[in-house]
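Colleague: So the mapping is simple: this note's numbering equals the position in the sequence shown, first residue as 1, plus 256. The beta carbon of each residue, even a glycine, is placed where N, CA and C say it ideally should be. The structure displayed is predicted, hence computed values, not measured ones. Below is a structure I'd like to ask you about.
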Amino acid sequence: MRSVVTCTSILFSLSVSAFASDVSDNWPQWRGPNFNGSSDTGNPPVEWSETKNVRWKIEVPGKGSATPIIWENRIYVLTAIPTDRKAEGAAAAAAEPPADQQQGRGGRGGRGGFGAAPPPTNFHQYAVICYDRTTGGEVWRTVAVEAVPHEGGHGTNTFASGSPVTDGKHLFVSFGSRGVFCFDMNGKEVWHRDLGQMQTRNSFGEGSSPALHGDTLVIPWDHEGQSSLIALDATNGEIRWQVERDERTTWATPFIVEHNGRTQVVTNGHRVRSYDLETGDLVWECGGQVENPIPSPVLQDNMIVCMTGYRGNAIYAIPLDATDDVTDTDVVAWKRDDAAPYVASPVLYKGQLYFTKSREGIMSSVDAATGEVLIGQQRLPEISSVYASPVAAADRVYFPGREGATA
């Protein structure tokens, strides 16, 4: 099966609307309602084109690689729209990259800025756009902030990469170094908080999404400066706690889960760590991940599965009742080092983990409970490179490639 889309910026309505096919089935956050890329009720098509199985399409201004989210009959999209206004004076100075990231030194990592563009000199509008899910009409547009990006970003990244999250009453948006914002569902700002400026590895740019649980919003802040994890009061944006982390830049979104009366915030990094949502105290940690952590954790029963796939492969399944440092102990339920995704997160569907190898169009599937290989490494037809995360519904798993084909 091969489906071709010619412009991903205008055809998001197909993939997202199809997975939230019933109006009562929302897609409120990065990786969907189950936080694992699956839908229990969706039944998306297996073929589409410019004229087939597309209800509507609309061009989205600017650029953004954040996941569009759905709540009832509205779709919410983040984008960064370049303007013609040039930076001058203080604004130009603020856009200048830190000294340790100039001349290709790449910050704390010390490697050159390969793949990263120089910072732009023009202001960008960091915007939230709401579309009508039925017609594609624009309902409202709110510019959260106008600013000049201080880093150029990797050629495959954008200035609107962190996905929004909603509880159906408010919309929470992190533009990272440009601020964290809370809007009502009609685009009116409720609060915003400036957390400072990140210095990402090799100036590759930012990409983690906020995670919401009850009235707590968790913001990952791993970069080449002092990394931390930050919990905000979702009602007013005040900092509840902030814990320092011994991590370089990561791009993974936290997973929040309740277990045995305690709510844990699990973060993927060079070390997987779990924190108490109420206090920020470290619950457990486990080493073994490889470079540039991007994939988000997934939950299988009472285990968290984390993986990384750059300059090596690592998949670890760690029980939520772990304590202290469980690196190289038999507390780890299972682990693998033969294949793991670099950029894309895995999809967990009916007890099976599906994932790609590095950035290649090669997929595998393992039993999420045991790590047993169920589908060995297979080449996806007509797909050579994968950045987007797979999704699953109606007994199908969809792998979108960067060249325009979906298997």
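Closest to R652 by C-alpha separation, out of T456, S484, V302 and R287, would be which residue?
Modeller: If we check each option's Cα against that of R652, V302 comes out closest.
Colleague: By the three-class DSSP mapping on this structure, what secondary structure does G632 have?
Modeller: Here G632 sits in strand by DSSP.
Colleague: Per DSSP, which one or two residues make a beta bridge with M559?
Modeller: For M559, which the question treats as bridged, DSSP gives the partners Q556 and P575.
Colleague: Leaving out five residues before and five after E616 in sequence, what residues of the same chain have Cβ atoms less than 8 Å from its Cβ?
Modeller: Contacts found: S640, S641 and V642.
Colleague: Give the DSSP bridge partners of N378, in chain order.
Modeller: Its beta-bridge partners are K342.
Colleague: Ignore the nearest five residues each way along the sequence and tell me which others in V513's own chain have a CB closer than 8 Å to its CB.
Modeller: Result list for V513: T519, Q520, V522, L555, I560 and L576, in chain order.
Colleague: Exposed or buried, E315, counting other C-beta atoms within 10 Å across all chains shown (16 or more means buried)?
Modeller: The residue is exposed, with fewer than 16 neighbouring Cβ atoms inside 10 Å.
Colleague: Would you call the region 332-341 and the region 370-389 in contact, with 3 or more CB pairs under 8 Å?
Modeller: The answer is yes - the region 370-389 touches the region 332-341, with three or more Cβ pairs under 8 Å.
Colleague: According to DSSP, simplified to helix, strand and coil, what is R518?
Modeller: In the structure shown, R518 sits in a strand (DSSP, three-state: E or B).
Colleague: Could you give the distance in angstroms between the alpha-carbon of V629 and the alpha-carbon of H479?
Modeller: Each residue's Cα considered, the two are about 34 Å apart.
Colleague: List the DSSP bridge partners of Y643.
Modeller: For Y643, which the question treats as bridged, DSSP gives no partner whatsoever.
Colleague: Nearest to E659 by alpha carbon, out of S645, E638, P324 and N299?
Modeller: Ranking S645, E638, P324 and N299 by Cα distance to E659 puts E638 first.
Colleague: Quick check on the DSSP output: what are the complete alpha helix (DSSP H) runs of length 4 or more inside the region 465-502, in order along the chain?
Modeller: Counting only runs of 4 or more, we get nothing.
Colleague: Answer with buried or exposed for T456, where buried requires no fewer than 16 other C-beta atoms within 10 angstroms of its C-beta.
Modeller: That one is buried.
Colleague: Would DSSP call R200 helix, strand or coil?
Modeller: Absent from the structure is residue 200, since the part of the chain shown begins at 257 and ends at 663.
Colleague: Could you tell me the alpha carbon to alpha carbon distance between T398 and V384, rounded to whole angstroms?
Modeller: Straight-line Cα distance between these residues: approximately 5 Å.
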